[in-house]
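**Student:** For reference, the structure I am asking about is given below.
Chains as they are written, first to last, in this note's numbering: chain C, 45 to 143; chain F, 5 to 211.
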């Protein structure tokens, strides 16, 4: 089965040459992902496999794919649970909302 | 974490739900001692310090120093280190040289592999579905969109990057640049010319 990342040679429209300033959360996603590689927690190839397995690959932005894949790998490896990520996100969201 | 239905992949989008999630992940990883805050900050600074200016310096040196050019093509990491650019790590770098016969273009059809350790994070369009799809099938049409088309008869070689091998283009030195300093030459080398969708700027006209 062809997977969503296998795009080489597919027909497509013009290249959108606009660029956006990398946002803080995107730089953080980039840094965490690479730092985990450097620590030997995961590999680039594992991360790619996780990205390519995302069911919403085409709907997500670039760093959303990175973040989702890194999260899935951390859960898969048993380092974090989905539940605790949900809970911490909820806490942070509340803390930020109160500011 | 799916099910939101706003349009994506366009530049400039903010307030992603993943922004909160990655902060939560950061907080947990630090708490559990998987990563330290310093390691994360160091990595952010490392990437922020990489830029196309590094590639421009390598190219300018190669233009003025044939021996350096030879070393850059033979062992990119070692040559980069000579200029203080640390691209060490498991990733291999291959510099592909433009000639009057061959114009090189780089892409990563499967994802976004790019010589990040030298040039920094890739531009948005390099990661776009459109560039990844078309660069291998109609590279000349893609280059035309960037305002460049190699003369007829010039062969276009497209290099599809992988996680392990990253390419960078060594463009041809523009005409009319005799006598220019290395620094002046580096200023002509654009990021896009290092990817191959374009060529270096022409020098300002001689006064």
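C-beta atoms are modelled at their ideal positions from N, C-alpha and C, and glycine is treated no differently.
1. Within 10 angstroms of the Cβ of residue 211/F, are there 16 or more other Cβ atoms? Answer buried if so, exposed if not.
2. Let's test the definition: count the other Cβ atoms within 10 Å of the Cβ of residue 45/F and tell me whether it reaches 16, buried, or not, exposed.
3. Can you give me, in chain order, the residues of the stretch 119-144 of chain F that have a beta carbon less than 7 Å from any beta carbon in chain C?
4. Measuring only between beta-carbons, confirm whether residue 25/F sits less than 8 Å from chain C.
5. List, from N- to C-terminal side, the alpha helix (DSSP H) runs of 4 residues or more that fit wholly inside the stretch 86-151 of chain F.
6. Any beta carbon of chain F sitting closer than 8 Å to that of residue 56/C?
7. In the DSSP assignment, the alpha helix (DSSP H) including residue 38/F goes from what residue to what residue?
8. Given that a residue counts as buried once 16 or more other Cβ atoms are within 10 Å of its Cβ, and exposed if not, what is residue 82/C?
9. Are residue 100/F and residue 171/F touching if we call contact CB-CB under 8 Å?
10. Suppose the cutoff is 8 Å on Cβ atoms and the five residues either side in sequence are ignored; what does the same chain contact list for residue 82/F look like?
11. Would you tell me roughly how many angstroms separate the C-alpha atoms of residue 89/F and residue 79/F, rounded to the nearest one?
12. Please report the Cβ distance between residue 175/F and residue 203/F, rounded to the nearest whole angstrom; I am assuming they are in contact, meaning their Cβ atoms lie under 8 Å.
13. Consider the Cβ of residue 59/C: report whether some Cβ of chain F lies at a distance smaller than 8 Å.
14. Buried or exposed, going by whether 16 or more other CB atoms sit within 10 Å of the CB of residue 77/C?
15. Enumerate in chain order the residues of its own chain whose CB-to-CB distance from residue 34/F is below 8 Å, with the five nearest sequence positions on each side excluded.
**Tutor:** Answer, in terms of the structure:
1. Interpretation of residue 211/F is limited by its pLDDT of 44, a score under 50 that renders its predicted location unreliable; no figure is taken from the coordinates.
2. exposed
3. 125, 127, 128, 129, 131, 132, 133, 134, 135, 136, 137, 138, 140 and 141
4. yes
5. 120-123, 128-131, 133-138 and 143-149
6. yes
7. Segment: none, residue 38/F is in no alpha helix (DSSP H) and carries neither H nor E.
8. exposed
9. yes
10. 75
11. 13 Å
12. 6 Å
13. yes
14. buried
15. 40, 41 and 44
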